[in-house]
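Participant: First residue of the sequence shown: 1, per the UniProt record's numbering; consecutive thereafter. Structure below; questions to follow.
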Amino acid sequence: MKIKTTYISSINYINNLEFDYLETYSLQRGGKYDGRIIQDPEYNEFQILKKKKQLSELEILRFKQLNKLYGYTQYLIDSDGIFHPSAEKTGTYKIDNVIIEKLKSILNTPIKEVPSWMCAPVYRDAIVFYNSDNKIVSTLNVCLSCEYMETKMSNHINADAETYNLMREFFIELGHKVEEK
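Spelled out as structure tokens, the structure:
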């Protein structure tokens, strides 16, 4: 099955999104998630054993669990609807909060230059939008390092380079431990 890839501007995304409140999250920071090298000895050992084809059936199952956590681009919410185990909620904001107005302003930054770094995104900041029934309407995963956003796998959000500078300031203001560029 081929995955359909979509692209939408940050302007169209935020202006067509109907929600009643949002939550902000910080994830994949510290400990096992420092840098781009996985700091989990168990996972690293399983990678070596897999190359040597020396994993037992039980180890294969555990490796699959760990690989789901480390082996590819991680999103705040996985395909099963489960929040990433490293996710920390940093705030909840209702529709009439000044924080939401600030976010809307940031995502409405005119698009003049879309960044195009050649690295894989590591989503360390995210926003979850909810309706009045407390159902998730959308999730915005943000990588400030490579300046990239997705709602979920293959659903890309194009934004101006300045949007990411403003998003960096936004997340810092909300208490995220954003790394230096």
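Glycine included, each C-beta is placed from N, C-alpha and C at the ideal position.
Should the stretch 160-174 be regarded as contacting the stretch 13-22, the criterion being three or more beta carbon pairs within less than 8 Å?
Facilitator: Contact fails: fewer than three Cβ-Cβ distances are below 8 Å.
Participant: State buried or exposed for Ser105, treating a residue as buried only when at least 16 other CB atoms are found within 10 Å of its CB.
Facilitator: So Ser105 ends up on the exposed side.
Participant: From Ser154, Leu174, Glu23, Cys143, pick the residue whose C-alpha is nearest to that of residue 182; which is it?
Facilitator: Because the chain is modelled from 1 through 181, residue 182 falls outside the range shown and cannot be assessed.
Participant: How far does the beta strand (DSSP E) with Ala126 in it reach, from first residue to last?
Facilitator: 125-130 is the extent of the beta strand (DSSP E) around Ala126.
Participant: Run through DSSP, which three-state label would Val114 get?
Facilitator: Reduced to three states, the DSSP call for Val114 is coil.
Participant: Is Leu79 buried or exposed, if buried means 16 or more other CB atoms sit within 10 Å of its CB?
Facilitator: Position check: residue 79 holds Ser in this sequence, whereas Leu was assumed. The residue in question, Ser79, is exposed, as its Cβ has fewer than 16 Cβ neighbours within 10 Å.
Participant: DSSP puts Val142 in a beta bridge; with which residues?
Facilitator: Asp125, Met149.
Participant: Restricting to Cα atoms, I'd like to know which of Asn158, Ala87, Arg124, Gly175 is closest to Thr109.
Facilitator: Here the closest residue by C-alpha is Asn158.
Participant: Between Val114 and the rest of its own chain, which residues show a CB-CB distance below 8 Å, the 5 nearest in sequence each way excluded?
Facilitator: Within the same chain, Val114 has close Cβ partners Asn158, Ala159, Asp160, Ala161.
Participant: From this set, Ala120, Thr92, Glu179, Met153, which residue's C-alpha is nearest Ile77's C-alpha?
Facilitator: When only C-alpha atoms are compared, the closest one is Met153.
Participant: If you draw a straight line from the alpha carbon of Ser9 to that of Leu140, how long is it in whole angstroms?
Facilitator: In a straight line, the C-alpha of Ser9 is about 13 Å away from that of Leu140.
Participant: Tell me, please, which residues DSSP counts as bridged to Thr5.
Facilitator: Its beta-bridge partners do not exist; DSSP assigns none.
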